[in-house]
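This report refers to the structure that appears directly beneath it.
In the numbering used here, the protein residues as written are 85 to 240.
Pasting the structure below:
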């Protein structure tokens, strides 16, 4: 029988390969398979799943969902969060726990910048850094992979 670590690695490798091929729905199906014994990785797997949903929809909606999840710890605790141009609505009254990393990326030309700016004090009170990306509109920055590697060094 394979170890839980091996099953986790296999699962994420299969989902990542499908993602790299542009088969996001198929990657979600792989992540939806039963995961007995993988409880220690539920937060990471849920984050991966949320990222896929965000990629299928819009980064704004995915960012809002990921941020809400991280701050409220519902349905499960997250260790950190990085969101791009989240379409913020109502933030929770308080964060349930510390997050590392905790970063909001927003372009200076993004239509959602005003919403993020209005929430900046509350976001920073929760421990999030708000990084303004000069000239960027509602899109991924060209150096997004590098930024993620810097924000998530253990994943790079």
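C-beta atoms are modelled at their ideal positions from N, C-alpha and C, and glycine is treated no differently.
8 Å contact criterion, which residue i and residue j should meet: CB distance rounded
i	j	result
residue 126	residue 96	Going by Cβ atoms, the distance from residue 126 to residue 96 rounds to 13 Å, so no, they are not a contact pair.
residue 136	residue 103	7 Å
residue 203	residue 175	6 Å
Proximity winner among the options, relative to residue i (alpha-carbon distances)
i	options	result
residue 188	231, 90, 117, 129	231
residue 227	93, 98, 212, 191	191
residue 108	223, 178, 134, 177	134
residue 91	114, 105, 110, 106	114
Within 8 Å, strictly: CB atoms of residue i and residue j
i	j	result
residue 147	residue 169	yes
residue 235	residue 200	no
residue 154	residue 183	yes
residue 159	residue 121	no
residue 185	residue 214	no
residue 196	residue 144	yes
residue 180	residue 208	no
Residues bridged to residue i [DSSP beta-bridge criterion]
i	result
residue 215	189
residue 168	189
Outcome for residue i when other beta-carbon atoms lying within 10 angstroms are tallied against a minimum of 16
i	result
residue 217	buried
residue 210	buried
residue 140	exposed
residue 229	exposed
residue 162	buried
residue 99	buried
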